[in-house]
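In what follows, a structure is listed as C-alpha cells, so that the remarks can point back to it.
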C-alpha cells in the first residue's frame, strides 16, 4: 500500500477517489492517515476468525507503520522497480527489534511489465519472457541477505518463473524454481531464527515519512513525505547518510528507466561499514539499548519521552550521535547541560552577518573542520567541506573534538553515565548554503566508525578497506555466528572476514568459492572468494 499511497498522491483522479487518505497537512497527520488505513485492513482480516494473520506488504520505506498498525508479519516486496534491498532490510530489522514482531520478504520478478518464463508454451502471456526481466542472481541475493537479516517468511510473487514442462511430459523446476528449492534445502537444515548482530541504529522521528525518489516509471520525480508533503532540508541528512552507508542506494539519474534493458544500480548496495538498522523515535529504551551506537537522523521532535529514552540509553553504556538542531521540542531548544555537557544558543553566530555580504561569503564563512582530539572513523586532522551554518553551542563539561579552526565547536563529546554523547553543530550535518547537498566527510567518517563497532568486519582481502560491491550481515543462530555475504559486482571478489567473538571452526555453508584461514582464533581472519553476483554464507561454530 505504501507505493500506492505515494504514486496516487500525484494523480488527481486517485486523490479525489480516496480523498480521506490525503486530507492531512503535516507529517503527524500523514502517519496517522496511512496507519489508520493499515489498521482498518487489519481489522477486516482479523475478523475472519481466530488465528488469521495479517501480513501488510510494503515496499518503500514505511515498514514501521506496518508493525505499528497491527501487522502480524510485515512483508517487504523486493526487486520489481522498487527501492534498494539493503535499505528495506534496515527498516525491517529495526522494526522487528523495536516492535518484537516477525517479518518476511516477497521477491518480485517483474521488470518493465515482464517476468522471466522459460517455457513460453506453458506460460503464453505476453508478459513472460525468457530474458529481459530480473535474473536468478538477483533472487539469490535477496533470499540470502534476507535470511541473514532474520526474515521468517521468504517467497516469490509469481508462479511463471518457477515451473517448466519436461521434454517427456510432466513438469520440472525452472531456473527460479531450482534456486528457491536450493535455498529451502539449505534453510530447513538450520530452522532456528537468526538474530542479527547489528552495532548501529539510525533513529528517525516516528512521523518522518521519508521515501526515496525516482521509483517505478519515474512517477515520483522527487523525494516526498507521505507522498504529498515536500521534503525539507533536514531530510537531506537521512538521504545523504544512507548514501554513506549504502553507496548508490538511490537512483542517481532521473531517466534511467527510459533505456530499454537497463537496470538501475540501486537495487543492491555495498555496505562498507556493515549492516545497520533503522528504528523510530517511539522505541523503548530497553530495545534501543541493544545497539552499541545510535545516530539521530533528519528532523526529530525531542519530546520528554524521547529525551528520557536517550538518557537511559547513554547512561547504560551506549554511544549517541545527534545534532544541536535535533535538540528541539516543537520550536524550542531543549537545554540539558547535564546530558550534553553544553548549552545551545538561540541562533547561529553567522546570522548577524549583513545580507549584503552574502555574495562574498567565501571570505568569511566556514568550510573547515579541524579535528582537535582522536575520534573513531576520522583520520584527517584538517579538512574542507561545503559551506555550512553552525549552531552556537557553549561547552560546559563536554570536550571539543573538532572546531572550525576559529574556536567555534563543530563536534563535542561528553561522558554521561557509562556512555558517550556526541553533539555536532553544523545544521543537520549535511547541507550547505543555497542547497549544496554534499556530505561533510568528517561526519561521514564518524558514522562509519560507529557502525564498525561489532565483532565482525568484512574488508577487501589483505587490507582494512571496504570490499567493493560486497554487502554483508552477521547474525547469531543458536550458538553459531552466521555471516551472509553478497557480491553485487560482475567480477570475482575476495574478502577477509575478521571475527573477534571466539570460535573453533568455520565452514562455507553456501557458495562456490573457497574459504581459507588467514589468522587463527580467537581473533580469526577468514578469506572467502565470492563469484560474480553470487552469495556466500560462512558459519562459525564455538
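Residue numbers (this note's numbering): 1302 to 1843. Backbone N, C-alpha and C fix where the C-beta goes; we use that ideal spot for every residue, glycine too.
- The continuous beta strand (DSSP E) containing residue 1407 extends over residues 1403-1409.
- Here residue 1695 carries a strand assignment [DSSP, helix/strand/coil].
- When the five nearest sequence neighbours on each side are left out, the beta carbons in the same chain lying within less than 6 Å of the beta carbon of residue 1808 are those of 1840, in order along the chain.
- Scanning the stretch 1419-1487 for uninterrupted beta strand (DSSP E) segments of 3 residues or longer gives 1454-1457, 1464-1466 and 1472-1474, listed from N- to C-terminal end.
- Inclusion of residue 1640 and residue 1606 in the CB contact set at 8 Å is not warranted, their separation being larger than that value.
- Per DSSP, the beta-bridge partners of residue 1417 are 1430.
- The beta-carbon distance between residue 1811 and residue 1787, rounded to whole angstroms, is 11 Å. This is too long to meet the 8 Å contact definition.
- A Cβ-Cβ separation of about 7 Å places residue 1502 in contact with residue 1577 under the 8 Å criterion.
- Annotation for residue 1720: the continuous beta strand (DSSP E) segment containing it runs 1720-1725.
- Secondary structure note for residue 1796: its beta strand (DSSP E) is the uninterrupted segment 1794-1800.
- In summary, residue 1824 is exposed, with fewer than 16 beta-carbon neighbours lying within 10 Å of its beta-carbon over all protein chains present.
- Residue 1792 has its alpha-carbon roughly 39 Å from the corresponding atom of residue 1669.
- If you draw a straight line from the Cα of residue 1324 to the Cα of residue 1682, it is about 50 Å long.
- Contact annotation: residue 1778 and residue 1493 have beta-carbon atoms nearer than 8 Å.
- The count of Cβ pairs closer than 8 Å, one atom from the stretch 1584-1603 and one from the stretch 1566-1576, stays below three, leaving the stretches out of contact.
- Per the C-alpha coordinates, the member of 1743, 1528, 1748 and 1765 positioned closest to residue 1313 is 1528.
- With three or more CB-CB distances shorter than 8 Å, the stretch 1622-1630 counts as touching the stretch 1709-1725.
- Distance from residue 1785 to residue 1838 at the Cβ level is roughly 5 Å; contact confirmed, criterion being Cβ atoms closer than 8 Å.
- One alpha carbon belongs to residue 1710, the other to residue 1543, and they sit about 25 Å apart.
- For residue 1385, there is no enclosing beta strand (DSSP E), as DSSP marks it with neither H nor E.
- Using a Cβ distance threshold of 8 Å, residue 1442 and residue 1836 count as a contacting pair.
- Check the Cα spacing between residue 1452 and each of 1713, 1375 and 1547: the tightest is with 1375.
- With a cutoff of 8 Å on beta-carbon distance, residue 1589 and residue 1627 are scored as not near each other.
- Contact annotation: the stretch 1381-1391 touches the stretch 1359-1366, with at least three C-beta pairs closer than 8 Å.
- Annotation for residue 1631: no alpha helix (DSSP H) segment contains it, and DSSP assigns it neither H nor E.
- Residue 1525 is bridged by DSSP to 1512 and 1531.
- Just so you know, the alpha carbons of residue 1416 and residue 1635 end up roughly 53 Å apart.
- Here residue 1394 is near residue 1497, since their CB atoms are less than 8 Å apart.
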